[in-house]
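As structure tokens, the structure follows; a few thoughts come after it.
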Amino acid sequence: MYMLRHDTRKANKAHHINMNLTVGCKVAWAESVYTPYVEGETSDFIGERTITGRITAEGYAKKTNYHFFTIHVYRAEGVNAEEIEPNSKIIRRGIVLYPKCRILATPDNYEELVKEKAERKENSSPVCYAHLKDFREGFEE
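In UniProt numbering, the protein residues as written are 1 to 141.
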């Protein structure tokens, strides 16, 4: 039993290492939902919700080592899905997206964006390229 769990973790890690999420990608991911935070208490896991949307910006914070994504939400389903409004913008860390993310569609210039992303990896400030890449149009499904 332990080996299966270990192998699953390796597979998940390998999956997100090779995943290139870029501006313009349409994605769907499941995220854990917990009871509201109360100081001094531990929040309880209450389920998952699945969110579908398009990445409009991404950034990397050197100090914290976190990769951030701004996502234009199409829809949310599952536990407390009503907290996520369609057509809103949300920010999620890569560590939240990668384990349970599926890329549903990529922009026409996806390969170019992957190369640009690799070149600017050292940039520590969030950068939005959506307006330059004509991704502001067509955010409907």
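Idealized CB from N, CA, C, for every residue including glycine.
In this text, all values refer to a predicted model and were calculated from it rather than measured experimentally.
Check                                                                                                                                                                 : Outcome
Could you check what DSSP says for L104 in three-state terms: helix, strand or coil?                                                                                  : strand
Just the Cα atoms here: how many angstroms apart are C25 and A118?                                                                                                    : 16 Å
For T56, count neighbouring C-beta atoms within 10 Å of its own C-beta (all shown protein chains included) and say buried if the count is 16 or more, exposed if not. : buried
For the alpha helix (DSSP H) containing A118, list its first residue and its last residue.                                                                            : 110-119
Between which two residues does the beta strand (DSSP E) containing F78 stretch?                                                                                      : Checking the displayed sequence, the identity of residue 78 turns out to be Gly instead of Phe. Start and end: 66-78.
Taking one C-beta from the region 79-87 and one from the region 99-119 each time, how about it: are there three or more such pairs within less than 8 Å?              : no
How is the beta strand (DSSP E) around G94 delimited, first residue to last?                                                                                          : G94 -> not in any beta strand (DSSP E); alpha helix (DSSP H) instead, spanning 94-97.
Going by DSSP, what residue range makes up the beta strand (DSSP E) through G40?                                                                                      : Premise fails: G40 is in no beta strand (DSSP E) and is neither H nor E.
Comparing alpha-carbon positions, which option in E31, R102, A105, T22 lies nearest Y60?                                                                              : T22
Would you report the Cα separation of P36 and S43, rounded to the nearest angstrom?                                                                                   : 6 Å
Starting from G53 and walking both ways along the beta strand (DSSP E), at which residues does that stretch end?                                                      : 45-61
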